[in-house]
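Numbering (the numbering used here), first residue to last: 101 to 375.
The beta-carbon is built from N, C-alpha and C at its ideal position, and this holds for glycine as well.
Encoded as structure tokens, the structure appears first; notes follow it.
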């Protein structure tokens with residue numbers, strides 16, 4: 101009986117030691133260890149695809165484990181990051197982030213620029229910008245920064261004119277010239293591709309255009325230019341976590357030349373690597 105107890109205690113000690121040596125640290129808000137899983141929220145296309153390329157091809161050699169959580173809207177990735185359910189997200193540009201922080205009282209920080217998704221004007225009813233009819237209905241994003249961005253695209257292409265000084269927060273009230281008497285229809289960004297059957301044209305964010313099978317580089321009637329464009333998408337974290345080891349590593353990987361080449365080859369000008 102005594103021998104059996106000794107053997108049982110020894111076996112239990114070995115089991116406990118084994119359990120202790122196999123612990124894996126998983127973090128949501130940025131406390132890294134050698135076995136950390138970095139949970140990153142992303143739009144499925146192209147952000148999720150880019151992260152999956154990093155996860156499969158670059159992250160293992162860098163000692164980083166990625167868990168990609170996909171979202172189909174522009175609100176929940178920031179909400180969950182702010183709540184500490186994510187270590188980072190990758191879906192937005194800085195003007196959108198600045199507006200979100202200001203309106204929601206969050207403290208999220210833009211860390212690393214990665215790529216630009218040019219905003220474009222699309223239509224199933226016309227084949228050129230010049231053919232946009234008088235009184236045409238044009239769907240635009242309903243969030244503040246992307247609405248201003250959409251109006252700027254139309255202004256840059258001579259369709260409308262905007263009040264001098266109207267920036268990223270421009271609204272319909274800033275339209276000073278509308279010779280075609282366009283009727284703007286603000287919609288949630290994710291709904292814009294589906295609106296093409298119901299409107300004459302729609303200004304669609306690059307990620308949603310690609311998801312819907314549109315080809316910005318060849319099908320857009322008007323497309324944003326990349327030079328000096330402030331709408332570069334990048335990696336975002338809670339303020340104070342910019343220098344966390346896993347975040348720094350992921351930021352470097354997202355700017356790796358192999359990632360830039362992947363973006364160029366896969367998206368053929370519909371997504372442009374940040375310079």
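Per DSSP, cross-strand counterpart(s) of residue i
| i | result |
| --- | --- |
| residue 167 | 139 |
| residue 222 | 302 |
| residue 307 | Beta-bridge pairing links residue 307 to no other residue. |
| residue 372 | 216 |
| residue 193 | 333 |
| residue 283 | 237 |
| residue 251 | DSSP, once it has assigned bridges, lists no residue as partnering residue 251. |
Rounded distance between the beta-carbons of residue j and residue i, thought under 8 Å
| i | j | result |
| --- | --- | --- |
| residue 72 | residue 200 | For residue 72 there is no data in the structure shown, the boundaries of the chain being 101 and 375. |
| residue 266 | residue 256 | No, residue 266 and residue 256 are not in contact; Cβ-Cβ is about 12 Å, not under 8 Å. |
| residue 164 | residue 346 | 6 Å |
Nearest to residue i (by Cα), restricted to the options the options
| i | options | result |
| --- | --- | --- |
| residue 204 | 211, 181, 187 | 181 |
| residue 243 | 226, 270, 229, 233 | 270 |
| residue 210 | 275, 162, 364, 341 | 341 |
| residue 362 | 138, 158, 142 | 158 |
| residue 288 | 276, 305, 277 | 305 |
| residue 309 | 143, 196, 136, 138 | 143 |
| residue 311 | 292, 301, 178, 347 | 292 |
| residue 260 | 266, 247, 277 | 277 |
| residue 198 | 350, 331, 355, 233 | 331 |
Exposure label - residue i; buried when at least 16 CB within 10 Å
| i | result |
| --- | --- |
| residue 121 | Reliability of the predicted coordinates at residue 121 is poor, the pLDDT of 31 falling under 50, and no value is obtained from them. |
| residue 328 | exposed |
| residue 231 | exposed |
| residue 173 | exposed |
| residue 249 | buried |
| residue 192 | buried |
| residue 139 | buried |
| residue 110 | Any reading at residue 110 must be qualified, since the residue scores a pLDDT of 39, below 50, and its modelled position is unreliable; the value itself is stated next. Flag for residue 110 reads exposed. |
* Evaluate the contact criterion for the segment 350-369 versus the segment 235-249: three or more CB pairs, one atom per stretch, below 8 Å. => no
* To do: Indicate whether the contact test is met: 3 or more Cβ pairs, each with one atom in the segment 216-231 and one in the segment 336-350, closer than 8 Å.
  => no
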